[in-house]
Each structure stands twice: as structure tokens, then as C-alpha cells.
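Here the structure is laid out as C-alpha cells; the discussion comes afterwards.
Residue numbers (UniProt numbering): 1 to 99.
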């Protein structure tokens, strides 16, 4: 994982490859592979992620960075974003790491 102080567009705090059995690439168990990029073979690891410490020009609180990291690692393990309130213990959205 990489932590950066780059301000991504549209409020993005992190990005990660999502693990899934249905696709051949990405996720925590992904091994290093070679890919063609601009007529050149390049090595890539699709089990990675990135988290930023700045959003809309302001520093992100440490707790938000910690939650973002947890959220992105969840993607590496195959967790998608939760929809609705089914997974929320108190019936409201935004109560767990994958919201």
C-alpha cells in the first residue's frame, strides 16, 4: 500500500484492486504478472492500493485515513461496497467499513 498527500478528483480518498473469483486479476492473493503496456511488457501487482491524506485541499483526519485504509484492504479481500442498510447494525447507512 501507498499513502500519499495527493488530492484526487471527486473526493476520492483511496483506490484498491478488488479480489473476486469471477475475474482473473486483482485482490489480496494476486501474484505478480506481466502485462503489455504501450508495446512494452511491464510487471504489475494487482494486490495493492493507495490512500491519500488530503481531500479538497485540506488534510484528512488520521481516523479518516485509518478507515479508508481498512475500506481499501476490504476490497483486496473481495468485499464490495454495501448497499442499503442490510449490513448496518442499527439500520442506518455508513456504519461499517464497506459503506
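All C-beta atoms, glycine included, are put in the ideal place defined by N, C-alpha and C.
Check, Outcome
"Which of helix, strand or coil DSSP assigns to residue 65", "helix"
"Three-state class that DSSP yields for residue 42 in the structure shown", "strand"
"Buried or exposed (CB count within 10 angstroms, at least 16 for buried), residue 34", "exposed"
"Segment limits, beta strand (DSSP E) that includes residue 20", "From DSSP, residue 20 is part of no beta strand (DSSP E); its letter is neither H nor E."
"Exposure of residue 62, with buried meaning 16 or more beta-carbon neighbours within 10 Å", "exposed"
"Reduced DSSP secondary structure (H/G/I, E/B, other) of residue 73", "helix"
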